[in-house]
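Protein sequences, first through last, are from chains R and Y. The working numbering runs 659 ahead of the 1-based position in the first sequence. The working numbering runs 315 ahead of the 1-based position in the second sequence.
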Amino acid sequence: MADLESDVGSGSAPGLDGTEVGFVLPPLSLQVTRAQLVRYAGASGDFNPIHWNDRTATAVGLPGVIAHGMLTMALATRIVTSWVGDPARVREVSVRFTRPVVVPDDEVGALVEVSAVVGAVVDGVARVDITARYEGQTVLGKARAFVVL
Amino acid sequence: MDQAFVGRSLDFPEPYEVGIEKIRQFADAIGDDNSLYHDRVAAQFAGHPSVVAPPTFAIQVIARAQDAVMFDPSLGLDFSRVVHLDQRFVYQRPIFAGDVLSCVVTVESIKVLAGNDVITVRTDVSSADGSTVVSCWGTLVSRG
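Rendered as structure tokens:
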């Protein structure tokens, strides 16, 4: 019954409470397309045209339309929620936005690769250090989440 | 920007009501099919009152209240040149569908770094019973 209790409904990875420093989370490869930017704009209410209009993006000195920073943060956070199963385990998440993700106007879009490792475990709470890369370069700095194991 | 704004707080009068369809739409937009974002029964089976919001959903909850402070013309932030520098959410509990959430926005700091205006704003989100749900810190830079 104890097993049922700990896994109830959340789809948690088994043995989460035995997580040790250095544990590498299953990586995520995420394709960000223009269509997703439009969806995110609508869902979030952030209609800044630099996220959907090339003319506006280039006029402010960007190489082209870029993903919402908050979308990149949301995608980076998915590596943690996918691992723990129940997003209620996430107590804190923070990022610095260091480089924009430029999303080309094609079917492929931008490939964002997310990796993460457990950097610390204190009192049943893990600090997860997250890396998000686009075209080989990191797009977030000091990206981390604290999750209850 | 006007340094006199540091320490000022705005208790935003209109609460944000968290809709279950809004959470589903947001989860779809970030491409996440986690059942706890979509399926009320699954969420309740996991011990939650209703579907859970993704951790970054809080940005949507605080947007109107935060904009009321950031867009205040007397603050003097040039919004046409603004870039999001960092963001942090510290949860006491997750946001659930059905929550009625209130926001208090406080300007924590205004600095000039390398000729750019940098403002950090804290928004505390509380539920209808007054308990804190999530505290949010966001820093914006206006490229000078």
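Every residue, glycine too, gets a C-beta built ideally from N, C-alpha and C. Being a predicted model, the structure only gives us computed values, none of them experimental.
Interface residues of the region 399 to 410 of chain Y facing chain R [CB-CB below 7 Å]: Residues of the region 399 to 410 of chain Y with a C-beta less than 7 Å from any C-beta of chain R: H399, L400, D401, Q402, R403, F404, V405, Y406, P409, listed in chain order.
Segment contact flag, the region 395 to 407 of chain Y with the region 316 to 328 of chain Y, C-beta cutoff 8 Å, min 3 pairs: Segments in contact, no.
Enumerate in chain order the residues of its own chain whose CB-to-CB distance from A456 of chain Y is below 6 Å, with the five nearest sequence positions on each side excluded. Residue 456 of chain Y is actually Val in this sequence, not Ala. Answer for V456 of chain Y: V398, L400, N431, V433, listed in chain order.
Consider the Cβ of I345 of chain Y: report whether some Cβ of chain R lies at a distance smaller than 8 Å. The beta-carbon of I345 of chain Y is placed less than 8 Å from the nearest beta-carbon of chain R.
From what residue to what residue does the beta strand (DSSP E) around E336 of chain Y run? Run containing E336 of chain Y: none in the beta strand (DSSP E); it sits in the alpha helix (DSSP H), 335 to 344.
Using a Cβ cut-off of 8 Å (strictly closer), state whether N431 of chain Y contacts chain R. For N431 of chain Y, no Cβ of chain R is located within less than 8 Å of the residue's own Cβ.
Can you pull the DSSP bridge partners for D788 of chain R? DSSP output for D788 of chain R lists R:V776, R:R803 as bridge partner(s).
State the DSSP-derived secondary structure class of I410 of chain Y, mapped to helix, strand or coil. Coil at I410 of chain Y, not helix or strand.
Proximity test, Cβ basis, 8 Å: G728 of chain R and chain Y: It does; some Cβ of chain Y falls within 8 Å.
Can you check DSSP and say which residues form a bridge with T454 of chain Y? When beta bridges are read from the DSSP output, T454 of chain Y appears opposite Y:D401, Y:T435.
Could you tell me which of R:V776, R:D782, R:G768, R:S688 sits nearest to D788 of chain R, measuring between CA atoms? The alpha carbon of D788 of chain R has as its nearest neighbour, out of R:V776, R:D782, R:G768, R:S688, the alpha carbon of R:V776.
For S441 of chain Y, count neighbouring Cβ atoms within 10 angstroms of its own Cβ and tell me buried if that reaches 16, exposed if not. Flag for S441 of chain Y reads buried.
Test: T438 of chain Y CB closer than 8 Å to a CB of chain R: Residue-level contact by beta carbon fails for T438 of chain Y and chain R, as no gap is shorter than 8 Å.
Cβ of G668 of chain R less than 8 Å from any chain Y Cβ? Only weak support exists for where G668 of chain R lies, its pLDDT of 43 falling under 50; the coordinates are left without a value.
Against chain Y: residues of the region 772 to 799 of chain R by CB proximity under 8 Å: Answer set for the region 772 to 799 of chain R: empty.
Proximal residues to F706 of chain R (C-beta, below 7 Å), its chain only, five neighbours per side dropped: Closer than 7 Å at Cβ, skipping near neighbours: A700.
Provide the residue(s) that pair with D326 of chain Y in DSSP beta bridges, ordered along the chain. According to DSSP, residue pairing for D326 of chain Y in a beta bridge involves Y:V419.
Helix, strand or coil at E664 of chain R [DSSP, three-state]: Reliability of the predicted coordinates at E664 of chain R is poor, the pLDDT of 41 falling under 50, and the value obtained from them is presented with this limitation in mind. When DSSP states are grouped into helix, strand and coil, E664 of chain R belongs to the helix group.
How long is the line joining the alpha carbons of D414 of chain Y and F360 of chain Y, rounded to whole angstroms? In a straight line, the C-alpha of D414 of chain Y is about 19 Å away from that of F360 of chain Y.
Distance, V697 of chain R Cα to V749 of chain R Cα: Their Cα atoms are separated by approximately 27 Å.
Please report the straight-line C-alpha distance between E332 of chain Y and A358 of chain Y, rounded to a whole angstrom. About 19 Å.
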